[in-house]
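Chains E and U supply the protein sequences, listed in that same order. For the first sequence, position 83 matches number 82 in numbering that gives the first Met the number 0, and the numbering has no gaps at all. For the second sequence, position 123 matches number 122 in numbering that gives the first Met the number 0, and the numbering has no gaps at all. Below is one structure, written out as structure tokens; the observations come after it.
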Amino acid sequence: MVDMDDRVIEQYSRQILLDQIGYDGQTRILAATVRVQGPDGPPRDLLVRYLSAMGFGVQVGTNLSGYFEIACQDAIWTMEIGGGRSQFMVDAGALLTEIALTLAQGE
Amino acid sequence: MFHVAVVGAGAIGNPIAWGLSLRKDLAPIQLIDGDVVERSNLARQPWFGEDDIGCNKAVTLAARLAGGETPLYASPEMLTQSNREILLADADIVMDATDNWEARLVIQEWAEQHQRPWIFNSAVRLEGMSTRLDPGGPCLRCWFDTKETQGPACFEAGVLGSVTLAVAGRALLLLDDWIRQGSSPDQGTLWLIDRRFGSDRSIHSGPLRCDHGGHG
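What follows is the structure, encoded as structure tokens:
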């Protein structure tokens, strides 16, 4: 488990305040590394930027085209490419919420 | 080319400004915010980093997004009743990325006076809302039936950056529609972002002419 000092708690305080995440959930997020695979470009950069900001360790791979895959240990999520940038933001937001809440809950 | 003003450069303003900066069909994008970056912003305002703590949000975000398709410029002030005419003088449409009702009422009164559309956005916990308010169509009071709707603030209830990202995407879709089709005052649509639904839901106001005169 990652031990959070005051600065870290402040940084993630709005996530820790959520019932679905809490202190334990945030420590799981900080301990987790997710792998983001998909074509290079602004959409993948956006996924990486948000996952990193939430507190995940992030590894990036490029050996996929046509869709994105976000994986953490045995859990895998995929996301189609297409529909325009604004719709991508809506869909990415929903997917990242799901990923954060799932990984915060742990086993 | 349309001039878009974004009021607020925080959790919703960050991704809205990013999305706008990658468009090729806009005049320079205006970011309005008098607030400074705090450590507690970093988890959901991901264009800011530790080195930005204490710096003005609008100035920092405009600099961070430089080099996109459309330039951005900062107005490092809070929008108020007394400066709204100056700050929004060039705006064709306003994107609300604020976190308080008072600022939204300033935008709404300006929009009513100048007959311009604006896009309301909010997010708290795992829920978000977005709607475009066109001249003559429903106002905040039509939608929420109160003059002083002030839900829980995110510093009390928490919020997730992915939720503010989804709200920003919805706001940009509403902007896309407006750029393509113009205003449609006879019907408003309130979009709800809530993970419990599985996908976004929308509520339609039906034909509704606002008679509150911008005093939402």
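Here a beta-carbon is modelled for each residue, glycine too, at the ideal position from N, C-alpha and C. As the structure is a prediction and not an experimental result, all values here were calculated from the model.
- A contact between stretches requires three or more CB pairs, one per stretch, nearer than 8 Å, and the stretch 48 to 61 of chain U fails this requirement with the stretch 104 to 119 of chain U.
- Scanning chain E for C-beta atoms nearer than 8 Å to the C-beta of U:VAL162 yields GLY92, THR96, reported in chain order.
- Within a 10 Å sphere around the beta-carbon of U:ALA65 sit fewer than 16 other beta-carbons, which makes this residue exposed.
- When DSSP reads this structure, U:ASP95 sits in a beta bridge with U:VAL6.
- For U:VAL35, there is no enclosing alpha helix (DSSP H), since its DSSP letter is neither H nor E.
- Within the stretch 41 to 58 of chain U, those residues whose Cβ lies closer than 7 Å to any Cβ of chain E are, in chain order, LEU41, ALA42, ARG43, PRO45.
- Shown here, U:ILE118 sits in a strand according to DSSP, grouped into three states.
- Separation of U:ALA62 and U:LEU71 (C-alpha to C-alpha, rounded to the nearest whole angstrom) is 8 Å.
- At a cut-off of 7 Å between C-beta atoms, E:GLN25 does not count as an interface residue with respect to chain U.
- With a 10 Å radius around the Cβ and a threshold of 16 neighbouring Cβ atoms, E:ASP2 comes out exposed.
- E:GLN36 is bridged by DSSP to E:GLY60, E:GLU68.
- Taking a C-beta cut-off of 8 Å against chain U, the contacting residues of the stretch 69 to 87 of chain E are GLY83, ARG84, SER85, GLN86, PHE87, listed in chain order.
- Residues of the same chain with a CB within less than 6 Å of the CB of E:ALA70, apart from the 5 flanking positions on each side, are ARG34 in chain order.
- Residue contact check for U:GLY18 against chain E: a CB pair falls below 7 Å.
- The way I'd put it, the stretch 35 to 46 of chain E does touch the stretch 63 to 80 of chain E; three or more beta-carbon pairs between them come closer than 8 Å.
- Closer than 7 Å to the CB of U:ALA65 there is not a single CB belonging to chain E.
- DSSP, reduced to helix, strand and coil, places E:TYR22 within a helical segment of the structure shown.
- At a beta-carbon threshold of 8 Å, the residues of chain U lying near E:ARG6 are ARG38, ordered along the chain.
- Here DSSP, grouped into helix, strand and coil, assigns U:GLY127 to strand.
- For U:GLU68, the three-state secondary structure derived from DSSP is coil.
- For U:ARG169, the closest of E:GLU97, E:GLY82, E:ILE75, E:GLY54 by C-alpha to C-alpha distance is E:GLY82.
- The stretch 87 to 96 of chain U and the stretch 163 to 177 of chain U touch, with no fewer than 3 CB-CB distances between them shorter than 8 Å.
- Shown here for U:GLY67: same chain residues with a beta carbon closer than 7 Å to its own, the five before and five after excluded, namely SER20, LEU21 in chain order.
- U:TRP190 is bridged by DSSP to U:SER129, U:SER201.
- For the pair of segments examined, the stretch 91 to 104 of chain E was found to touch the stretch 9 to 28 of chain E: the number of CB pairs separated by less than 8 Å reaches three.
- Judged by DSSP in its simplified three-state form, U:GLU76 adopts coil rather than helix or strand.
- Taking a Cβ-Cβ threshold of 9 Å, the residues of chain U close to E:MET53 are ALA42, ARG43, PRO45, LEU159, GLY160, SER161, in chain order.
- When the five nearest sequence neighbours on each side are left out, the beta carbons in the same chain lying within less than 7 Å of the beta carbon of U:CYS54 are those of VAL35, VAL36, in order along the chain.
- Per the DSSP secondary-structure output, U:LEU25 pairs in a beta bridge with U:PHE1.
- According to DSSP, E:TRP76 shares a beta bridge with E:ILE69.
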